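Engineer:
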Amino acid sequence: MAISSIWVFAQASGDAPTTGTLELLTKARSLGGTVTAFVGGDASAIAGALGEYGASKVYATGDLGGALPGAAVASAMQAVIAGGDRPDLVLFPQNYEGRDVMARLSVKLDRTVVTNNVDIAVEGDAVKVTTPIFGGNTLVTTTFTGEGPFLAAFRPKSFAAESAGGGAAEVVAAPVPDLGATGGAVVTAVHVEETSGPKLDEAEIVVSGGRGLGEADKYSMIESLAKVLKGAPGASRAIVDAGWVPYSYQVGQTGKVVKPKVYIAAGISGATQHMVGMKGSKNIIAINKDKEAPIFGVADLGIVGDVHKVLPKLIEALQARG
Amino acid sequence: MAAMNVIVCVKQIPDPAAPGALGADHTLVRDGKLILDESDSYGVEMALQLVDKAGGGEVSIVSMAPNGEVSGMRTALAMGAVKGVLVSDPALAGSDALTTAKVLGAAVQRLGGADLVLAGTESSDGYTGTVPEQLAEVLGLPSVTFAKSVTVDGGTLKVERQTEAGYDEVTCPLPAVVSVTAGVVEPRYPSFKGIMAAKSKPIEEVTAGDLGVTPVGWAGAGQQITEVAQAAERQAGEIIEDDGEAFGKIVEFLDNLKVI
Ligand SMILES: Cc1cc2nc3c(=O)[nH]c(=O)nc-3n(C[C@H](O)[C@H](O)[C@H](O)COP(=O)(O)OP(=O)(O)OC[C@H]3O[C@@H](n4cnc5c(N)ncnc54)[C@H](O)[C@@H]3O)c2cc1C
Ligand SMILES: Nc1ncnc2c1ncn2[C@@H]1O[C@H](COP(=O)(O)O)[C@@H](O)[C@H]1O
Numbered sequence: 263m264a265i266s267s268i269w270v271f272a273q274a275s276g277d278a279p280t281t282g283t284l285e286l287l288t289k290a291r292s293l294g295g296t297v298t299a300f301v302g303g304d305a306s307a308i309a310g311a312l313g314e315y316g317a318s319k320v321y322a323t324g325d326l327g328g329a330l331p332g333a334a335v336a337s338a339m340q341a342v343i344a345g346g347d348r349p350d351l352v353l354f355p356q357n358y359e360g361r362d363v364m365a366r367l368s369v370k371l372d373r374t375v376v377t378n379n380v381d382i383a384v385e386g387d388a389v390k391v392t393t394p395i396f397g398g399n400t401l402v403t404t405t406f407t408g409e410g411p412f413l414a415a416f417r418p419k420s421f422a423a424e425s426a427g428g429g430a431a432e433v434v435a436a437p438v439p440d441l442g443a444t445g446g447a448v449v450t451a452v453h454v455e456e457t458s459g460p461k462l463d464e465a466e467i468v469v470s471g472g473r474g475l476g477e478a479d480k481y482s483m484i485e486s487l488a489k490v491l492k493g494a495p496g497a498s499r500a501i502v503d504a505g506w507v508p509y510s511y512q513v514g515q516t517g518k519v520v521k522p523k524v525y526i527a528a529g530i531s532g533a534t535q536h537m538v539g540m541k542g543s544k545n546i547i548a549i550n551k552d553k554e555a556p557i558f559g560v561a562d563l564g565i566v567g568d569v570h571k572v573l574p575k576l577i578e579a580l581q582a583r584g
Numbered sequence: 359m360a361a362m363n364v365i366v367c368v369k370q371i372p373d374p375a376a377p378g379a380l381g382a383d384h385t386l387v388r389d390g391k392l393i394l395d396e397s398d399s400y401g402v403e404m405a406l407q408l409v410d411k412a413g414g415g416e417v418s419i420v421s422m423a424p425n426g427e428v429s430g431m432r433t434a435l436a437m438g439a440v441k442g443v444l445v446s447d448p449a450l451a452g453s454d455a456l457t458t459a460k461v462l463g464a465a466v467q468r469l470g471g472a473d474l475v476l477a478g479t480e481s482s483d484g485y486t487g488t489v490p491e492q493l494a495e496v497l498g499l500p501s502v503t504f505a506k507s508v509t510v511d512g513g514t515l516k517v518e519r520q521t522e523a524g525y526d527e528v529t530c531p532l533p534a535v536v537s538v539t540a541g542v543v544e545p546r547y548p549s550f551k552g553i554m555a556a557k558s559k560p561i562e563e564v565t566a567g568d569l570g571v572t573p574v575g576w577a578g579a580g581q582q583i584t585e586v587a588q589a590a591e592r593q594a595g596e597i598i599e600d601d602g603e604a605f606g607k608i609v610e611f612l613d614n615l616k617v618i
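Those sequence lines, one after another, are chains R and Y.
All residue numbers for the first sequence refer to the numbering used here, where the first residue is 263 and numbers rise by one.
All residue numbers for the second sequence refer to the numbering used here, where the first residue is 359 and numbers rise by one.
1. At the level of alpha carbons, what is the spacing between R:N378 and R:T280?
2. Taking CB distances under 8 Å as the criterion, tell me whether R:Y509 reaches chain Y.
3. Indicate, with yes or no, if ligand 1 has a heavy atom lying under 7 Å from the CB of R:G590.
4. May I ask you to report which of helix, strand or coil DSSP gives R:A329?
5. Counting C-beta neighbours from all protein chains within 10 Å, is the total for R:A264 16 or more, i.e. buried, or is it exposed?
6. Which two residues bound the contiguous alpha helix (DSSP H) that contains Y:P490?
7. Which word fits R:I501, buried or exposed, when buried means at least 16 other C-beta atoms lie within 10 angstroms of its C-beta?
8. Does the CB of R:H570 have a neighbour CB from chain Y at under 8 Å?
9. Which first and last residues belong to the beta strand (DSSP E) in which Y:Q588 is found?
10. Using three-state DSSP, classify R:W269 as helix, strand or coil.
11. When burial is assigned at 16 or more other CB atoms within 10 Å of the CB, is R:H453 buried or exposed?
12. Taking the runs of the beta strand (DSSP E) that are 3 residues or longer, which of them lie wholly in the stretch 348-378 of chain R?
13. How far does the alpha helix (DSSP H) with Y:D613 in it reach, from first residue to last?
14. With respect to 7 Å, is the separation between the Cβ of Y:M422 and the closest non-hydrogen atom of ligand 2 below this value?
15. Say yes only if the C-beta of Y:E429 is nearer than 7 Å to one or more non-hydrogen atoms of ligand 2, and no if none qualify.
16. With 16 as the cutoff for other CB atoms within 10 Å, does Y:Q581 come out buried or exposed?
17. Measure the CB-CB distance between R:I488 and R:A497 and report whether it falls below 8 Å.
18. Measure the alpha-carbon distance for Y:L450 versus Y:G575 and round it to whole angstroms.
19. Taking 8 Å as the threshold, find out whether the stretch 534-542 of chain Y comes into contact with the stretch 466-483 of chain Y through three or more Cβ pairs.
20. State the start and end residues of the unbroken alpha helix (DSSP H) segment that holds Y:D398.
21. Consider the C-beta atom of R:T323 and the heavy atoms of ligand 1; say whether any pair is separated by less than 7 Å.
22. Give the secondary structure of Y:G442 by DSSP, where H, G and I count as helix, E and B as strand, and everything else as coil.
23. Residues bridged to R:N550 by DSSP?
24. Is there at least one Cβ from chain R nearer than 8 Å to Y:D526's Cβ?
25. Would you say Y:Q370 lies against chain R (beta-carbon separation less than 8 Å)?
26. Using 7 Å as the cut-off, classify the Cβ of Y:V368 as near or not near the heavy atoms of ligand 2, replying yes or no.
27. Looking at chain R, which residues of the stretch 574-589 of chain Y have a Cβ within less than 7 Å of any of its Cβ atoms?
28. Counting pairs of beta carbons, one from the stretch 399-416 of chain R and one from the stretch 300-312 of chain R, are three or more of them closer than 8 Å?
29. Ligand 1 heavy atoms versus the CB of Y:P374: any closer than 7 Å?
30. Confirm the yes/no value for this check: CB of Y:S399, any heavy atom of ligand 1, distance under 7 Å.
31. In the stretch 503-517 of chain Y, which residues sit with their C-beta less than 7 Å from some C-beta in chain R, listed in chain order?
32. Report the rounded CA-to-CA distance for Y:K447 versus R:L573, giving the unit in angstroms.
33. Does chain R have any CB closer than 8 Å to the CB of Y:A376?
34. Counting contacts by CB-CB distance shorter than 8 Å, is R:L401 in contact with chain Y?
35. List, in chain order, every chain Y residue whose beta-carbon is nearer than 8 Å to that of R:G666.
36. Would you kindly work out how many angstroms separate the C-alpha atoms of R:L284 and R:A430, rounded to a whole number?
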């Protein structure tokens, strides 16, 4: 069985597909066969861009009326499959909505789902995905067995998004069937935490702080440094859990994946779950008072020192340059 | 609601501080002593607080683990859960998340169901993050994942659900499955009295077969690990001790990259 039909679970941010969606579409079209985007919501604004990146068809559920996408989108997918359009492979982004949809779909189709991947290859009949474990120092290759559809999820930035120059895709309605009890969860209000400056996962420079800052107030040093470098501030999970900064700042396995030109880690130990989110950065600078800290193992420039001494001087020196 | 019964999924994992290893069959080596996954201590605490607020009911736990392992479950019982079901069966080795969800679903039913089933957002060793939502589908229930705050008002849950950009307020009728994030509550330390009491709290041990779940383990997985390789290591660069002037090195480094 060669792969002849691939679906991508597509998401929008405002009037554009998310970068993660474009990454998956780009990879999907390199694997051969037709590429279909599946949208939970209205697709009219993004069908053009989805087509440009390789989708020849777009299924759209239409407005979900506040329902969480997990049960709704998976049911709509299952209905299309039951109607005879059966993909060989479905690609998902490794994020909250992606997880919820793939989890529900995996039960509905009784198919396994392989998560946290960074690569995929189709070799003859075999579909193989690659997953980094132990903080990325070991790569595991998993081959799907049995019947498709095969379900796989990919970490952000696993692939580069490149336009195929295609025209707008045909949009086909894929209405959500009656969900019964499973459709009970409804969003009643949306809160967006305001941030200024570049977005964390798109910034050229990211400055992240960790528990080594000592107390919440000291995070202002990270913000000042990010500001003078025109970068974005980030954080380890330790200080997100402690409530110093919002979750949207978190870098790592459960947070954002960043690959900036420069990543500065201040008072961060370098736990494997943090490293998977930043190891792909082109240049890494670490400041930590413990010279044994694992973060130094990946740093291009490591400063063994106290953040309270190094950061203020660094900020002052950079501000003085104007 | 007067009384509220909550079931918490608790995974028992190898100590995360110890370096992980893969066995000959490419599964994570889990033969040492297992502990309660910290990700699930939040679920246990959340459940205890909700039952407390409801003014009645109880917290039970379900776990799937090799070799009849119960030490992590005992920790949850010491915190205040009253009973548990452990599914342990050599045939479960190599199970994927889907099989895990089917097994946990059957264990939840063994306990007669609940008003609310709690799980962690992702386990520390497996981190597929899919088990809770799969479990909800197995049980035919609505679900809210990634909850950073959970309250119950009558028969309805009110959840603040973390999103990439902030959070959503979500309402959901009970019964439901909810996965909670780290930091949702501060897990209590078991008291000495709790630890002593936990020793005699009932844990029913069953096999997947007893629960009618087949096939399991490698046979049921739909996937096979075909290769394990070392990733290319990033080379460590220059490391210097701060003598009060190290900030200058950083400025120089940034200057060379032409980012300032
Ligand atoms: C399932 C799961 C998912 C996870 N996901 C993530 C994730 O997405 N992102 C993430 O970051 N973590 C994640 N974690 C948590 C991770 O394991 C670590 O606990 C966390 O990254 C540690 O944060 P930290 O480095 O700030 O704190 P610590 O590990 O406490 O490190 C603090 C560091 O600061 C240094 N320090 C102390 N004082 C100073 C000083 N004055 N000057 C300089 N240095 C100082 C110390 O030497 C130490 O190295 C996850 C964990 C689990 C189990
Ligand atoms: N073997 C297991 N036993 C009990 N609960 C589990 C098990 N595996 C996963 N879970 C639950 O599902 C959550 C998410 O796990 P995972 O999908 O593996 O990341 C965990 O935090 C647990 O609450």
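Even glycine gets a Cβ: it sits at the ideal position worked out from N, Cα and C.
In this text the structure is predicted, and so the values were computed from the model without any measurement.
Structural biologist: In this structure, then:
1. Translated into positions along the first sequence, residue 378 of chain R becomes position 116. Translated into positions along the first sequence, residue 280 of chain R becomes position 18. About 18 Å.
2. Position 247 of the first sequence, counted from the first residue, corresponds to residue 509 of chain R. Under the 8 Å criterion on CB atoms, R:Y509 is classed as interfacial with respect to chain Y.
3. The shown model of chain R, from 263 to 584, leaves out residue 590 of chain R, and the question about it has no answer.
4. Within the first sequence, residue 329 of chain R is the residue found at index 67, counting from 1. Collapsing the DSSP output to three states places R:A329 in a strand.
5. On the first sequence, position 2 is the one that residue 264 of chain R refers to. A residue is called buried once 16 or more other Cβ atoms fall within 10 Å of its Cβ, and R:A264, having fewer, is exposed.
6. Position 132 of the second sequence holds residue 490 of chain Y. Per DSSP, Y:P490 belongs to the alpha helix (DSSP H) from V489 to L497.
7. Taking the first residue of the first sequence as position 1, residue 501 of chain R is located at position 239. Classification for R:I501: buried.
8. Here the question's residue 570 of chain R lines up with position 308 in the first sequence. No - not a single Cβ of chain Y is within 8 Å of the one on R:H570.
9. Against the second sequence, residue 588 of chain Y aligns to sequence position 230. Counting along the chain, the beta strand (DSSP E) containing Y:Q588 begins and ends at Q581 to Q588.
10. By 1-based counting over the first sequence, the position of residue 269 of chain R is 7. R:W269 falls in the strand class under three-state DSSP.
11. By 1-based counting over the first sequence, the position of residue 453 of chain R is 191. R:H453 comes out exposed.
12. For the beta strand (DSSP E) assignment, the uninterrupted runs of no fewer than 3 residues enclosed by the stretch 348-378 of chain R are, from N- to C-terminal side, 351-355.
13. The residue you call residue 613 of chain Y lines up with position 255 of the second sequence. Counting along the chain, Y:D613 sits inside the alpha helix (DSSP H) bounded by residues A604 to N614.
14. The residue labelled residue 422 of chain Y in the question sits at position 64 within the second sequence. Within the cutoff, so yes.
15. Working through the second sequence from its first residue, we reach residue 429 of chain Y at position 71. According to the sequence as given, residue 429 of chain Y is Ser; it is not Glu. For Y:S429, the shortest separation between its Cβ and any heavy atom of ligand 2 does not lie below 7 Å.
16. Locating residue 581 of chain Y in the second sequence gives position 223, counting from the first residue. The Cβ neighbour count for Y:Q581, taken over all protein chains shown within 10 Å, is at least 16; the residue is labelled buried.
17. As a first step, residue 488 of chain R must be located in the first sequence, where it is residue number 226. As a first step, residue 497 of chain R must be located in the first sequence, where it is residue number 235. The amino acid occupying residue 488 of chain R in the given sequence is Ala; Ile does not appear at that position. Going by C-beta atoms, R:A488 is not nearer than 8 Å to R:A497.
18. Stepping through the second sequence from its first residue, residue 450 of chain Y is reached at position 92. Stepping through the second sequence from its first residue, residue 575 of chain Y is reached at position 217. One alpha carbon belongs to Y:L450, the other to Y:G575, and they sit about 4 Å apart.
19. With the cut-off at 8 Å, the stretch 534-542 of chain Y and the stretch 466-483 of chain Y touch.
20. Position 40 of the second sequence, counting from 1, holds the residue named residue 398 of chain Y. From DSSP, the alpha helix (DSSP H) with Y:D398 extends over E396 to A412.
21. Against the first sequence, residue 323 of chain R aligns to sequence position 61. Outside the cutoff, so no.
22. To locate residue 442 of chain Y, count along the second sequence from 1; it is residue 84. Looking at Y:G442 - three-state DSSP - the assignment turns out to be strand.
23. Residue 550 of chain R sits at position 288 when you count from the first residue of the first sequence. Answer is R:V566, bridged to R:N550.
24. Walking along the second sequence from the start, residue 526 of chain Y turns up at place 168. Nearest CB-CB separation between Y:D526 and chain R: below the 8 Å threshold.
25. Residue mapping note: residue 370 of chain Y aligns to position 12 of the second sequence, counting from 1. Not closer than 8 Å to any Cβ of chain R, the Cβ of Y:Q370 fails to qualify, so no.
26. Counted from its first residue, the second sequence places residue 368 of chain Y at position 10. Flag set: Cβ of Y:V368 near ligand 2.
27. The residues in question are A579, G580, Q581, Q582, I583, T584, E585, V586, A587, Q588 and A589.
28. No, the stretch 399-416 of chain R is not in contact with the stretch 300-312 of chain R.
29. Here the question's residue 374 of chain Y lines up with position 16 in the second sequence. Checking every heavy atom of ligand 1 against the Cβ of Y:P374, one is found closer than 7 Å.
30. Along the second sequence, read from residue 1 onward, the residue named residue 399 of chain Y stands at position 41. Y:S399 has its CB no nearer than 7 Å to any heavy atom of ligand 1.
31. In summary, the residues of the stretch 503-517 of chain Y whose CB is separated from some CB of chain R by less than 7 Å are T503 and F504, in the order they occur in the chain.
32. Residue 447 of chain Y sits at position 89 when you count from the first residue of the second sequence. Residue 573 of chain R sits at position 311 when you count from the first residue of the first sequence. Reading off the sequence, residue 447 of chain Y comes out as Asp, not Lys. Rounded to whole angstroms, Y:D447 to R:L573 spans 54 Å at the Cα level.
33. Looking up residue 376 of chain Y in the second sequence gives position 18. No, Y:A376 does not count as interfacial toward chain R.
34. Numbered from its first residue, the first sequence carries residue 401 of chain R at position 139. By this cut-off, R:L401 is an interface position.
35. The requested residue 666 of chain R is not part of the displayed model; chain R covers only 263 to 584.
36. Translated into the one-based positions of the first sequence, residue 284 of chain R becomes position 22. Translated into the one-based positions of the first sequence, residue 430 of chain R becomes position 168. Straight across, the Cα-Cα distance linking R:L284 with R:A430 is about 14 Å.
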